[in-house]
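*Asks:*
Protein chains: 2
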Amino acid sequence: MTHKKRVTLQDVANHAGVSRATASLIVRGSSKIAEKTKQKVLNSMHELGYVYDRVAANMRSQSSSTVGLIITDIANPFYAELLRGVHHSLEEAGYTVFLGTTFDSDMKQEQLISRMLEHRVGGIILCPVSESSGNSIERVKAIDIPLVLAVREIENVSCDYVGIDYAVGAQMAVNHLIHRGHRRIAFLGGTSHSTAWKERRSGYCSALKQAGLDIDETLIVESPVTREGGMGAIRKVLFQANPPTAVFCFNDLVAHGVMLGLNDAGLKPGQDLAVVGFDNNNEAPLYNPPLTTVSSYARLIGSQAAILLHQRIVNQERDTQRIILQPELVVRKSS
Amino acid sequence: MTHKKRVTLQDVANHAGVSRATASLIVRGSSKIAEKTKQKVLNSMHELGYVYDRVAANMRSQSSSTVGLIITDIANPFYAELLRGVHHSLEEAGYTVFLGTTFDSDMKQEQLISRMLEHRVGGIILCPVSESSGNSIERVKAIDIPLVLAVREIENVSCDYVGIDYAVGAQMAVNHLIHRGHRRIAFLGGTSHSTAWKERRSGYCSALKQAGLDIDETLIVESPVTREGGMGAIRKVLFQANPPTAVFCFNDLVAHGVMLGLNDAGLKPGQDLAVVGFDNNNEAPLYNPPLTTVSSYARLIGSQAAILLHQRIVNQERDTQRIILQPELVVRKSS
DNA sequence: CTGAAAGCGCTTACAG
DNA sequence: CTGAAAGCGCTTACAG
């Protein structure tokens, strides 16, 4: 592989017999250039194999055409969908996106933020880890470029945010179970430090209270937000003296784990025990049985976050926006 | 949001009372600096909130700390896993990764490549679209920075490659079905222009031939590589005069679609008709019934590609490498 | 449209 | 360790 020297705008200008300033205008799509000159220069670019150096341009003009997206785990279909939304909106607007995955590690999140800032991203969309340490909250606060939080908020950090109303979603799910006659309903999965969990819990509790049911703390079990987490959580709750007849899960992933755990125990989800998830992943209708769940519009959250970020980049002064999408219950066979 | 002026290395040097050259050495982790000076400078950096400008540094030193990863669709768990592998290896090595998704569009692929080159990526890992046009092949050939192809090769493009032996994998899958007594085995999904499809087909055919079975072209149906594609493909093959008793699918996603299609038709996958997939996604064991499939080591392909790219960046002169992983059959209840 | 100069924030190379 | 200069590939601003 031979290493060619990079072709510069000066080379192009020389080749086309124009000044560098003119070439620069053309590469940026200025309309003030005579069509004939423009074609001449474009031909030269093509001939020389010129590649515009956006990095140099951004540096000189103190701008940026990149954006950072930080999520917790791409293996979670929720985030895969969110990423789709972000990419769709952002690439259309001409940004190139850096992707970082934290695997819910606080430290990793800090590293990624630093890395992206060092790379002069124009803004960051951050889906925070579920438990932000004090350090990492300070880190986020110290970000002095456009920042949009998605999915989870961080306490005491005020900036643009897109998420859904988890409390309402949880309430819908639990109400549904109550209407089906269930009185012992567990809430499984997630970690109590995250706002996303607290909100779900609050919705879960309101629904129970409204129905005149007591809250039984033994029916609330935290777990990692994975299939494995769900399998573990259902086990803990299944073998107690007075087991639940229905389960509201932190998300579909956990719900899937719960179903697998039930199968292991010889129980049929949807028949022996009702299961409701949260997210409405692409896979939810395909589970066995198809999963009743709350749609959390991952794709929409992503594209809204992207739009918010773009607007913030364009205008730093505008008021902070909070977009809270309303969830929707999708009833299937698991409940 | 107030817009602070960026703190430069010069500012840090002034604050710490050293020269810019010294500060530069320290920020790059040189060991030739007295510990005391170093601490003084690091303190100043912290105090001023200095953010290293990697973009400027890379530009001056004609290097790069970014890498581009181009995949077809993040909603395919195979690519989600591959991405995990890439990120793991690459972030460890200090790169920040640009992600682009083509959705199997040739044009999008060209755009993404151009964008990434304009952003001075140090190298690209490309999972090519399934049907590369002449134009886009030329585009790929014209890439004059380190390039690693993954998952699919492109004809007449010679560069580092990581993939698995699809032919062998397909053969294993079909052999397995033959041993279970099946004689009419369909091959569903994928598009015939991709090498990944051709190789699978070749493995499918060899297995049939070895067993003395004829190849029936009506049992080979192409489709998009999605669940929907699988649902469509099984429909086409199910209602013919002499339907198959087993199906080998392009991948797990297609297989899942096939299962859903069977359910729709009132048939039970694994009982009325055997189904085998390809990839061994995280979800494969969780399908109903659990899916027999060929493991394609997505994660490993990703991390190997990352390693290859890193090596190529470090040493442009080394010989082209081709890493072909050997697949493995994972037998579950669907066959 | 041209031309010459300055600057974005770094690294490089070198004399001291 | 310092200091001064040059340069990475662009854009900006301005006089002509």
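From first to last, the protein sequence lines are chains A and B. To convert, count from 1 in the first sequence and add 762; that's my numbering. To convert, count from 1 in the second sequence and add 762; that's my numbering. C-beta atoms are modelled at their ideal positions from N, C-alpha and C, and glycine is treated no differently.
Given a threshold of 16 other Cβ atoms within 10 Å of its Cβ, counted over all protein chains shown, does residue 922 of chain A qualify as buried or as exposed?
*Replies:* buried
*Asks:* Tell whether a beta-carbon distance below 9 Å holds between residue 831 of chain A and residue 859 of chain A.
*Replies:* yes
*Asks:* Determine the contact status of residue 890 of chain B and residue 913 of chain B, defining contact as a CB-CB distance below 9 Å.
*Replies:* yes
*Asks:* Measure the CB-CB distance between residue 974 of chain A and residue 962 of chain A and report whether it falls below 9 Å.
*Replies:* no
*Asks:* Using C-beta distances below 6 Å, list every residue in its chain close to residue 940 of chain A, excluding the 5 sequence neighbours before and after it, in chain order.
*Replies:* 973
*Asks:* Starting from residue 861 of chain A, trace the beta strand (DSSP E) both ways and give me its first and last residue.
*Replies:* For residue 861 of chain A, the uninterrupted beta strand (DSSP E) segment begins and ends at 858-863.
*Asks:* Output, in chain order, the set of chain A residues within a Cβ distance shorter than 8 Å of residue 843 of chain B.
*Replies:* Ordered by position in chain A, the residues that pass the 8 Å Cβ test against residue 843 of chain B are 837.
*Asks:* Between residue 965 of chain A and residue 1081 of chain A, what straight-line distance do the alpha-carbon atoms span, to the nearest angstrom?
*Replies:* 29 Å
*Asks:* Return the Cβ separation of residue 883 of chain B and residue 852 of chain B in integer angstroms, given the expectation that the two are a contact with Cβ distance under 8 Å.
*Replies:* No, residue 883 of chain B and residue 852 of chain B are not in contact; Cβ-Cβ is about 11 Å, not under 8 Å.
*Asks:* Just tell me which of B:833, B:782, B:969, B:802 has its CA closest to the CA of residue 944 of chain B.
*Replies:* Considering only B:833, B:782, B:969, B:802, the residue with the shortest C-alpha distance to residue 944 of chain B is B:969.
*Asks:* Out of A:776, A:770, A:821, A:1053, state which residue places its alpha-carbon closest to the alpha-carbon of residue 1095 of chain A.
*Replies:* A:1053
*Asks:* So what's residue 975 of chain B in DSSP terms, helix, strand or just coil?
*Replies:* coil
*Asks:* Using alpha carbons as the reference points, say which of A:1060, A:979, A:881, A:778 lies closest to residue 836 of chain A.
*Replies:* Measuring from the Cα of residue 836 of chain A, the nearest candidate turns out to be A:1060.
*Asks:* Can you find the residues in the same chain that come closer than 7 Å, C-beta to C-beta, to residue 987 of chain A, ignoring five residues on each side of it along the sequence?
*Replies:* 951, 952, 1012, 1013, 1015, 1016
*Asks:* Between residue 778 of chain A and the rest of its own chain, which residues show a CB-CB distance below 6 Å, the 5 nearest in sequence each way excluded?
*Replies:* 802, 803, 806
*Asks:* Which chain B residues sit within Cβ distance under 7 Å of residue 1048 of chain A?
*Replies:* Within 7 Å Cβ-Cβ: 1018, 1022.
*Asks:* For residue 789 of chain B, which three-state DSSP category applies?
*Replies:* helix
*Asks:* State the Cα-Cα distance for the pair residue 862 of chain B and residue 1055 of chain A, rounded to the nearest angstrom.
*Replies:* Between residue 862 of chain B and residue 1055 of chain A, the C-alpha separation is close to 30 Å.
*Asks:* On a Cα-Cα basis, can you pick out the residue from B:875, B:1057, B:1010 that is closest to residue 1037 of chain B?
*Replies:* B:1010
*Asks:* Thinking C-beta only, is residue 899 of chain A closer than 9 Å to residue 919 of chain A?
*Replies:* In this structure, residue 899 of chain A lies closer than 9 Å to residue 919 of chain A by Cβ.
*Asks:* Might you give, ordered along the chain, the residues of its own chain that have their beta carbon closer than 6 Å to the beta carbon of residue 982 of chain A, omitting 5 neighbours on each side?
*Replies:* For residue 982 of chain A, where only same-chain residues beyond five positions count, the Cβ hits under 6 Å are 949.
*Asks:* Kindly identify the DSSP beta-bridge partner or partners of residue 965 of chain A.
*Replies:* Residue 965 of chain A pairs with nothing; no bridge assigned.
*Asks:* Kindly list, in the order they appear in chain B, the residues whose Cβ is closer than 8 Å to that of residue 814 of chain A.
*Replies:* 880
*Asks:* Using 9 Å as the limit for Cβ to Cβ distance, is residue 818 of chain B near chain A?
*Replies:* Judged by the 9 Å Cβ criterion, residue 818 of chain B is in contact with chain A.
*Asks:* Using the Cβ count rule (16 or more neighbours within 10 Å means buried), how would you classify residue 1058 of chain A?
*Replies:* buried
*Asks:* What are the residues that DSSP puts in a beta bridge with residue 1056 of chain B?
*Replies:* B:1040, B:1091
*Asks:* Return the bridge partner residues of residue 828 of chain A from the DSSP annotation.
*Replies:* A:858
*Asks:* Which same chain residues, not among the five before or five after residue 754 of chain A, have their C-beta less than 8 Å away from its C-beta?
*Replies:* One cannot answer for residue 754 of chain A here, as it falls past the ends of chain A, which runs 763 to 1097.
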